[in-house]
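Undergrad: If you read the sequences in order, they're chains A and B. Counting from 1, position 144 in the first sequence corresponds to residue 605 in our numbering; the numbering is continuous, with no gaps. Counting from 1, position 90 in the second sequence corresponds to residue 946 in our numbering; the numbering is continuous, with no gaps.
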Amino acid sequence: MWQFFHKLGSPKWFFGISTRFMPWLLAGGIVLLMAGIIWGLAFAPKDYLQGNSYRIIFIHVPTAFIAQSIYIMMASAAIVTLVWRMKLADVFVKAVAPVGLALTFLALFTGAVWGKPTWGTWWIWDARLTSMLILLFLYGGVIALDRAINDEKSAARAVAVLVLVGVVNIPIIKYSVEWWNTLHQPATFKLTEKPSMPAEMWVPLLLSVLGLYLIFGWLACIRMQTEILSREQRTRWVREFVLKGRV
Amino acid sequence: MHPIRKKRLTIVLFLLAGLSVAVALTTYALRQNINLFYDPTQISAGEAPVDVRIRAGGMVKEGSVIRDPDSLKVEFLVTDYSASVPVEYVGILPDLFAEGQGIVAMGRLNTEGRFVADQVLAKHDENYMPPEVAGALEKASKAEGKSVTGSVKPASY
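#1: With distance defined between alpha-carbon atoms, name the residue in Met-535(A), Gln-646(A) and Leu-666(A) nearest to Leu-599(A).
#2: How would you write the range of the beta strand (DSSP E) that Asp-974(B) sits in, first residue to last?
#3: Give a yes or no on whether 9 Å exceeds the smallest Cβ distance from Gly-913(B) to chain A.
#4: According to DSSP, is Pro-929(B) helix, strand or coil?
#5: Write down every uninterrupted run of the beta strand (DSSP E) in the segment 879-937 of chain B whose length is 3 residues or greater and which is fully enclosed by it, in chain order.
#6: Can you give me, in chain order, the residues of the segment 643-665 of chain A that have a beta carbon less than 7 Å from any beta carbon in chain B?
#7: Run through chain B and tell me which residues come within less than 8 Å of Ala-568(A), C-beta to C-beta.
#8: Name the two residues that bound the continuous alpha helix (DSSP H) containing Ile-959(B).
#9: Strictly under 9 Å for the Cβ-Cβ distance: is Ile-540(A) near chain B by that measure?
#10: For Ser-940(B), report the span of its beta strand (DSSP E) as first-last.
#11: Which first and last residues belong to the alpha helix (DSSP H) in which Ile-520(A) is found?
#12: Pull up the distance between the alpha-carbon of Tyr-1013(B) and that of Thr-687(A), whole angstroms please.
#13: Show which residues of chain A have a CB atom less than 9 Å away from the CB atom of Leu-952(B).
#14: Looking at the secondary structure, which residues open and close the alpha helix (DSSP H) in which Trp-474(A) lies?
#15: Since Pro-523(A) meets chain B, which of its residues come closer than 7 Å, beta carbon to beta carbon?
#16: Going by Cα to Cα distance, which pick from Leu-667(A), Ile-683(A) and Gly-576(A) is closest to Ile-478(A)?
#17: Taking 7 Å as the limit between beta carbons, can you name the residues of its chain near Thr-582(A), skipping five residues before and five after?
#18: At the 9 Å Cβ level, is Val-879(B) part of the contact set with chain A, yes or no?
#19: Using a C-beta cutoff of 9 Å, does Ala-901(B) count as contacting chain A?
#20: Whose C-beta lies closer than 7 Å to the C-beta of His-645(A) among residues of the same chain, with five residues either side of it excluded?
#21: Short check: CB of Val-941(B) to CB of Phe-893(B), under 9 Å?
#22: Interface residues of chain A around Arg-909(B) at Cβ under 7 Å?
#23: Using 8 Å as the threshold, is the segment 513-531 of chain A in touch with the segment 556-567 of chain A, meaning 3 or more CB pairs across them?
#24: With DSSP as the reference, identify every bridge partner of Gly-512(A), one or two as the case may be.
#25: Quick one: is Val-928(B) near chain A, going by C-beta distance under 9 Å?
#26: From what residue to what residue does the alpha helix (DSSP H) around Gln-694(A) run?
#27: Give the interface partners of Pro-506(A) over in chain B, defined as CB-CB distance under 7 Å, in chain order.
#28: Ala-1011(B): buried (16+ other C-beta within 10 angstroms of its C-beta) or exposed?
#29: How long is the line joining the alpha carbons of Leu-543(A) and Ala-873(B), rounded to whole angstroms?
#30: Please classify Lys-862(B) as buried or exposed, where buried requires at least 16 other C-beta atoms within 10 Å of its C-beta.
#31: At 8 Å on the CB atoms, spell out the chain A contacts of Lys-979(B), in chain order.
#32: Using only CA atoms, which one of Leu-486(A), Val-703(A), Ile-517(A) and Val-552(A) lies nearest to Trp-500(A)?
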């Protein structure tokens, strides 16, 4: 097991293996996301109370869900950086932070667009919306801190500590709607119970969540590859890759 | 595992545990500020301050909405099914406002225990269903003498 773990730490090995997965991630992601969104926006039944405006859930929930799970992945990678000093873990954190930032922004934006016709307001300082805004600032902070430190190793450690400190915000986002009174409604999907919507609504929602996950996987791979190439530009394998076009 | 890595892992885990305890205590101490609104039970128990801008939230009690025919003034009771607070509001209500629906109102509690709102927001729950299903449920529950939105999950306003 440890052997596999150490192999995973080799940027060259990751570069080779990810190239093989990437077309599948992209193709699967596009198919699932298109299916989920088209089904959700055009064919799923409308809601008895909100009519058609609830349909933004098919974009809002996937972006919000994946924005949070990217942060959990970043925190796991941060532990690996701090304990094992593995370069690839740091490459991952740097590669996906802007993706997380973009998805958090989309979640907040679609939430505001949804909030105006249903609640009657674009924004309210309730626990769920505020903790999600803090997540946006955390992503921004991670990117800024990384850019601010020139030395690669000290940047990696500082960023890892910041990511770990911020991870306490994730359970707060998740449980804010249960611990406190909020305007935001509780989660529709729960791990232990049936979703509180019929299958013709939750199946397309699940498809778009899975599709966005795959697209995130593809984005993570391609951004990590770019970061690896720029970091390892002086090594022999990168020079050979640039000349021959393969590892 | 290498002893130095074990040591680092312990430090990281202690950092996380300490941080979680600190955040948990802080949010616990600030819970009344983090709560978006007072519910009717708290207001009728006198926990909400009088003549300070606060929010009140709950369900609009069925059959309690009185609209003034000459103006935009509305009066209704907000309830959590154990206590009710009278609310008055002048203005345009959100589309989702209806009897049996959840709302959050911003305004001041006056000395007579009436809540004078200057903003009313609609709150909806996490249950979504097609109109035909909701209609069928409504019919079924009317036979039992209950309303559907109230009976799905009364505590989720």
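Even for Gly, the Cβ is constructed at its ideal location relative to N, Cα and C. Computed from a predicted model, the values in this text were never measured in an experiment.
TA: In terms of the structure at hand:
#1: In the first sequence, the residue the question calls residue 599(A) occupies position 138. Nearest C-alpha to Leu-599(A): Met-535(A).
#2: Along the second sequence, one-based indexing puts residue 974(B) at 118. Bounds of the beta strand (DSSP E) holding Asp-974(B) are 971-979.
#3: Numbered from its first residue, the second sequence carries residue 913(B) at position 57. Taking 9 Å as the threshold, the shortest C-beta distance from Gly-913(B) to chain A falls below it.
#4: Here residue 929(B) corresponds to residue number 73 of the second sequence, with the count starting at 1. Note that residue 929(B) corresponds to Lys in the displayed sequence, not to Pro. Reduced to three states, the DSSP call for Lys-929(B) is strand.
#5: Those beta strand (DSSP E) runs which fall completely within the segment 879-937 of chain B and span 3+ residues are 909-916 and 929-935.
#6: Hits within the stretch, in order: Thr-643, Leu-644, Gln-646, Pro-647, Ala-648, Thr-649, Ser-657, Met-658, Pro-659 and Met-662.
#7: By 1-based counting over the first sequence, the position of residue 568(A) is 107. Ala-568(A) does not reach chain B, its nearest Cβ partner there being about 16 Å away, counting only Cβ pairs nearer than 8 Å.
#8: Position 103 of the second sequence holds residue 959(B). In this chain, Ile-959(B) is not harboured by any alpha helix (DSSP H); it is covered by the beta strand (DSSP E) spanning 958-965.
#9: Sequence index remark: in the first sequence, residue 540(A) carries index 79 (1-based). The C-beta of Ile-540(A) comes closer than 9 Å to at least one C-beta of chain B.
#10: Here residue 940(B) refers to the residue found at position 84 of the second sequence. First-last of the beta strand (DSSP E) with Ser-940(B): 940-946.
#11: Here residue 520(A) refers to the residue found at position 59 when the first sequence is read from its first residue. Boundaries of the alpha helix (DSSP H) around Ile-520(A): 518-545.
#12: Taking the second sequence and counting its residues from 1, one reaches residue 1013(B) at position 157. Taking the first sequence and counting its residues from 1, one reaches residue 687(A) at position 226. Confidence at Tyr-1013(B) is low in this model, with a pLDDT of 41, below 50, so its placement is unreliable and no value can be given for it.
#13: For the purposes of this step, residue 952(B) is taken as residue 96 along the second sequence, with counting starting at 1. The answer, in chain order, is Leu-510, Gln-511, Pro-578, Thr-579, Trp-580 and Gly-581.
#14: Within the first sequence, numbered from 1, the residue matching residue 474(A) stands at position 13. First-last of the alpha helix (DSSP H) with Trp-474(A): 472-499.
#15: To locate residue 523(A), count along the first sequence from 1; it is residue 62. Neighbours of Pro-523(A) on chain B: none; closest Cβ ~16 Å, over 7 Å.
#16: As a first step, residue 478(A) is located in the first sequence; it is residue number 17 there, counting from the start. Here the closest residue by C-alpha is Ile-683(A).
#17: Mapped onto the first sequence, residue 582(A) falls at position 121. Same-chain partners within the cutoff: Gly-576.
#18: Counted from its first residue, the second sequence places residue 879(B) at position 23. The beta carbon of Val-879(B) sits closer than 9 Å to some beta carbon of chain A.
#19: Stepping through the second sequence from its first residue, residue 901(B) is reached at position 45. False, the Cβ-Cβ gap to chain A never drops below 9 Å.
#20: In the first sequence, the residue the question calls residue 645(A) occupies position 184. Residues of the same chain with a CB within less than 7 Å of the CB of His-645(A), apart from the 5 flanking positions on each side, are Asp-587, Arg-589, Leu-590 and Val-638 in chain order.
#21: Numbered from 1 along the second sequence, position 85 holds the residue referred to as residue 941(B). Numbered from 1 along the second sequence, position 37 holds the residue referred to as residue 893(B). Taking 9 Å as the Cβ cut-off, Val-941(B) and Phe-893(B) do not qualify as a contacting pair.
#22: Position 53 of the second sequence, counted from the start, is the residue given in the question as residue 909(B). Under the 7 Å cutoff, chain A gives no residues; its nearest Cβ is about 13 Å from Arg-909(B).
#23: The segment 513-531 of chain A makes contact with the segment 556-567 of chain A: 3 or more CB pairs, one atom from each, lie closer than 8 Å.
#24: Residue numbering aside, residue 512(A) sits at position 51 when the first sequence is read from its first letter. For Gly-512(A), which the question treats as bridged, DSSP gives the partners Asp-508(A).
#25: Mapped onto the second sequence, residue 928(B) falls at position 72. According to the sequence as given, residue 928(B) is Leu; it is not Val. No, no contact with chain A.
#26: The residue you call residue 694(A) lines up with position 233 of the first sequence. From DSSP, Gln-694(A) is part of no alpha helix (DSSP H); its letter is neither H nor E.
#27: The residue you call residue 506(A) lines up with position 45 of the first sequence. The contacting residues are Pro-986.
#28: For the purposes of this step, residue 1011(B) is identified with residue 155 of the second sequence, where counting begins at 1. Per-residue confidence for Ala-1011(B) stands at a pLDDT of 41, beneath the threshold of 50, marking its modelled position as unreliable; no derived number is given.
#29: The sequence position of residue 543(A) within the first sequence is 82, counting from 1. The sequence position of residue 873(B) within the second sequence is 17, counting from 1. The alpha-carbon of Leu-543(A) is positioned some 16 Å away from that of Ala-873(B).
#30: On the second sequence, residue 862(B) is found 6 positions in, with the first residue counted as 1. By the neighbour-count criterion, in which a residue is buried when 16 or more other Cβ atoms sit within 10 angstroms of its Cβ, Lys-862(B) is exposed.
#31: As a working mapping, residue 979(B) is identified with position 123 in the second sequence. For Lys-979(B), the chain A residues whose Cβ falls inside 8 Å of its Cβ are Trp-580, Leu-644 and Gln-646, in order along the chain.
#32: Position 39 of the first sequence, counted from the start, is the residue given in the question as residue 500(A). When only C-alpha atoms are compared, the closest one is Ile-517(A).
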